[in-house]
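Let me begin by presenting the structure, written as structure tokens, before commenting on it.
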Amino acid sequence: MSVLAGETTRNGWSGIDGMSTPVPAAGRNEREADVASPGTGRVAEETAGSVTVTIGLRPLEPSEVVAVARHGVLVEVAPDALAEVARSRELIERLADDPNPHYGISTGFGALATTFIAPERRVQLQASLVRSHAAGTGPEVEREVIRALQLLRLQTLTTGRTGVRPIVVKTYAAMLNAGITPIVREYGSLGCSGDLAPLSHLALAATGEGTVRDASGTEVDARDALVAAGIEPLVLREKEGLALINGTDGMLGMLLLAIHDIEMLLTTADVAAAMSVESQFATDAVFAADLQALRPQLGQGDSAANLRRFLAGSPIVASHRGADDGRVQDAYSLRCSPQVHGAARDTVAHATLIASRELASAVDNPVVTVDGRVASNGNFHGAPVAYVLDFLAIAVADVASISERRTDRALDPARNRGLPPFLAHEVGVDSGLMIAQYAAAGIVSELKRLAVPASVDSIPSSAMQEDHVSMGWAAARKLRRAVDGLGRVLAIEVLTGSRALQLRAPLEPGPATAAVSALVATVSAGAGPDRFLSPEMEAVAELVLSGEVARTALENSAAN
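Heads up, the working numbering is the position in the sequence shown plus 1, with the first residue counted as 1.
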């Protein structure tokens with residue numbers, strides 16, 4: 002299930018059984034044994050018309066992260082988790098009283114890790130750490146990303162592996178539930194030691210410093226927001242500063258949101274491809290199940306099944322099907338749609354596996370082990386997450402690329418099998434969708450640039466102590482832009498396919514593509530003389546990005 006049952010995401014993609022992507026992400030079953038257990042005991046409870054996600058000793062599920070981050074679902078902390086937090090804190094308190102230095106408890110940080118800090122200076126040490134590290138710059142990061150950041154750090158705190166006091170856990174949960182969103186800036190994280198700067202902005206707000214946006218979106222001083230919500234600002238003690246800022250939560254949160262959106266967009270890509278195949282008089286024979294089985298790539302099989310489903314019952318397809326149909330060699334952008342879309346599905350499956358493992362992690366340095374040691378480690382390095390973020394950007398760029406090629410074919414009378422140039426109303430006077438294709442091409446060109454990996458870069462920091470970093474935050478930021486670009490390229494193909502199907506009258510499209518065309522018609526006038534096109538393109542893009550196009554196709558097609 003991609004989201005909480007009954008919940009609808011920002012993109013409107015429901016997780017109700019039977020409403021999710023019609024075929025599962027490729028490879029999930031065969032890799033299931035490698036994935037850490039999902040959030041057992043973390044069932045969302047409906048109480049008084051609301052949904053609550055319980056945070057405890059089990060990992061959060063991806064759907065719960067989306068629900069809290071994107072939809073403001075409330076959280077509660079399980080009592081057994083608070084008990085474990087209190088137990089591990091007792092160990093930190095004992096080590097704080099030890100005259101021997103312990104990293105992060107009675108020493109400085111990073112390049113100053115060998116400097117002993119006297120007990121009377123440790124509160125100042127924690128405050129100084131958070132203040133100095135809250136050094137982000139640039140535009141504000143989106144609210145849903147910051148809420149994912151808050152939630153995932155809270156999840157790590159509840160594991161009892163970080164050594165914070167229970168009041169720290171309760172404060173983070175209360176801030177989430179009050180809709181207090183610390184202002185985090187675009188630049189500042191190198192992805193090692195985790196997302197230091199973004200997480201420091203959260204910690205700073207929890208102490209009553211810095212600025213936040215309240216539940217209404219108004220920018221206010223953090224202390225004023227906390228007081229208004231009845232939350233006492235934290236005074237951090239030994240180990241707590243490090244525990245709040247050492248983690249991969251930002252890049253992981255953006256990965257989970259991206260996976261959720263890409264899964265929906267890949268179904269939309271199958272819908273768009275079906276509209277192009279149908280309207281360009283291409284053959285559906287190449288999508289036959291027995292042909293796909295000859296190459297048992299799971300994602301490919303899933304996308305081919307979707308194409309068969311969305312083309313089923315099409316009078317247009319039937320009009321040229323038969324022994325004399327010579328369309329067995331359609332262009333690759335039509336014929337190989339399942340191979341490309343399917344490869345992207347397999348990439349999402351791999352990214353989901355890595356995200357599931359990261360959700361099961363307790364990332365901090367030092368960390369309180371189960372047997373009571375406080376041990377330094379390198380688990381904060383973001384490489385596993387950074388790699389798949391970059392991998393997804395490559396897949397997103399390629400899916401957009403093949404979509405744009407299908408759009409271009411629909412506008413070319415030499416290749417579109419009888420449709421007017423650019424689907425124009427009066428050839429020579431009207432330009433039709435000519436410039437819409439330019440827009441798609443421009444986006445695809447940018448997506449290719451965004452596909453250049455961030456994770457291969459590394460710039461040393463902290464006086465060469467942190468001499469290799471992951472750049473995972475940067476990989477996540479560019480992936481978010483790429484996902485939006487993919488949605489817009491697919492929207493242009495859907496708009497084009499809808500107009501092309503209209504121009505095939507009196508031949509009729511199949512039930513699924515007809516329903517999508519009818520949906521598009523609610524925001525676009527369709528074929529006719531030239532008019533201001535940008536508002537229609539934006540409106541169709543919203544239908545795509547909201548998940549409405551994919552859902553409409555699914556609701557109006559039979560499972561195949």
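Cβ coordinates follow ideal geometry from the N, Cα and C atoms, glycine included. If you're wondering where the values come from, they're calculated on a predicted model, not measured in any experiment.
Answer with yes or no whether the minimum CB distance from residue i to chain B is below 8 Å.
i     : result
Glu65 : Structure shown: chain B not included; a single protein chain is present.
Taking DSSP's pairing of strands, which residues face residue i in a bridge?
i      : result
Asp431 : Val428
Ala376 : Val368
Phe117 : Thr108
Gly195 : Gly248
Pro183 : Val213
Ser462 : Glu467
Tyr333 : BP columns for Tyr333 are empty, so no partner.
Tyr188 : Thr138
With distances taken Cα to Cα, identify the nearest neighbour of residue i among the options.
i      : options                           : result
Val124 : Ala97, Thr348 and Ala114          : Ala97
Thr182 : Glu220, Arg132 and Arg296         : Glu220
Phe311 : Val278, Val86 and Glu241          : Val278
His321 : Leu496, Arg148, Ala283 and Asp271 : Ala283
Leu92  : Val386, Arg166, Ala540 and Ile232 : Arg166
Gly251 : Leu200, Val287 and Leu267         : Leu200
Leu504 : Ala559, Asn557, Leu487 and Leu420 : Leu420
Val386 : Ile118, Thr53, Gly429 and Thr353  : Thr353
Glu509 : Ala319, Ala70 and Ala87           : Ala319
Ala411 : Tyr388, Ile493 and Ala477         : Ile493
Thr160 : Val146, Pro60 and Ser456          : Pro60
Leu335 : Gly73, Ala519 and Ser404          : Ser404
Arg358 : Glu62, Asp81, Arg407 and Ala68    : Glu62
Ser338 : Pro414, Ala270 and Ser518         : Ala270
Thr408 : Val170, Pro140, Leu267 and Leu491 : Leu491
Val169 : Ser190, Glu233 and His261         : Glu233
His382 : Val54, Ala398, Glu467 and Leu448  : Glu467
Asp485 : Ala259, Val142, Ser456 and Asn307 : Ala259
Ser129 : Gln293, Ala230, Val54 and Arg238  : Arg238
Does the Cβ of residue i have 16 or more other Cβ atoms within 10 Å, making it buried, or fewer, making it exposed?
i      : result
Val372 : A quick correction: the sequence has Asp, not Val, at residue 372. Exposed.
Met538 : buried
Ile317 : buried
Ser133 : exposed
Glu295 : Per the sequence presented here, residue 295 reads as Leu, with Glu not at that position. Label assigned to Leu295: exposed.
Ala551 : buried
Val24  : Reliability fails at Val24, whose pLDDT of 35 lies under 50, so the model's placement of it is uncertain and no value is given.
Asn30  : Low local confidence applies: a pLDDT of 36 at Asn30 is under 50, so the model's placement there is unreliable, with the coordinate-based value given in what follows. With fewer than 16 other Cβ atoms within 10 Å, it is exposed.
Glu121 : exposed
Gly1   : The first residue shown for the chain is 2 and the last is 561, placing residue 1 beyond what the model contains.
Val44  : Because Val44 carries a pLDDT of 36, less than 50, the predicted location of this residue cannot be relied on, and no value is offered for it.
Ala223 : buried
Ile436 : exposed
Phe533 : exposed
Ala37  : Unreliable positioning characterises Ala37 in this predicted model, as indicated by a pLDDT of 28, which lies under 50. A coordinate reading is not provided.
Val470 : buried
Leu555 : buried
Ala559 : exposed
Ile460 : exposed
Glu33  : With a pLDDT of 32 at Glu33, under the threshold of 50, the modelled position of this residue cannot be trusted; read the value that follows with caution. That one is exposed.
If you check the beta carbons only, do residue i and residue j fall under 8 Å apart?
i      : j      : result
Gly242 : Leu153 : no
Thr212 : Ile184 : yes
Gly443 : Met276 : no
Arg426 : Ala528 : Note on residue identity: the sequence assigns His, not Arg, to residue 426. Taking 8 Å as the Cβ cut-off, His426 and Ala528 qualify as a contacting pair.
Gly343 : Gln281 : no
Gly137 : Tyr188 : yes
Asp291 : Arg346 : no
Leu155 : Tyr173 : yes
Ala356 : Arg162 : no
Val52  : Ala68  : yes
Ser462 : Asp531 : no
Ala501 : Asn557 : no
Asp349 : Leu487 : In the sequence as presented, Asp is not what sits at residue 349; that position holds Val. Taking 8 Å as the Cβ cut-off, Val349 and Leu487 do not qualify as a contacting pair.
Val524 : Leu448 : no
Asp285 : Arg309 : yes
Following the continuous beta strand (DSSP E) through residue i, name the residue where it begins and the one where it ends.
i      : result
Glu77  : Leu75 to Val78
Pro140 : Thr138 to Glu141
Asp531 : Taken as a continuous stretch (DSSP letters only), Asp531 belongs to no beta strand (DSSP E), as it is neither H nor E.
Val213 : Thr212 to Arg214
Gly239 : The sequence given here places Glu at residue 239; Gly does not occur at that position. Per DSSP, Glu239 belongs to no beta strand (DSSP E) and is neither H nor E.
Between which two residues does the alpha helix (DSSP H) holding residue i run?
i      : result
Val165 : Note, Val165: premise wrong, no alpha helix (DSSP H); not H, not E.
Val386 : Ala384 to Leu412
Glu220 : That residue, Glu220, is in no alpha helix (DSSP H); its beta strand (DSSP E) goes Glu220 to Asp222.
Val287 : Taken as a continuous stretch (DSSP letters only), Val287 belongs to no alpha helix (DSSP H), as it is neither H nor E.
Asp303 : Leu299 to Leu312
His351 : Ser338 to Leu360
Leu61  : Leu61 -> no alpha helix (DSSP H), and no H or E assigned at all.
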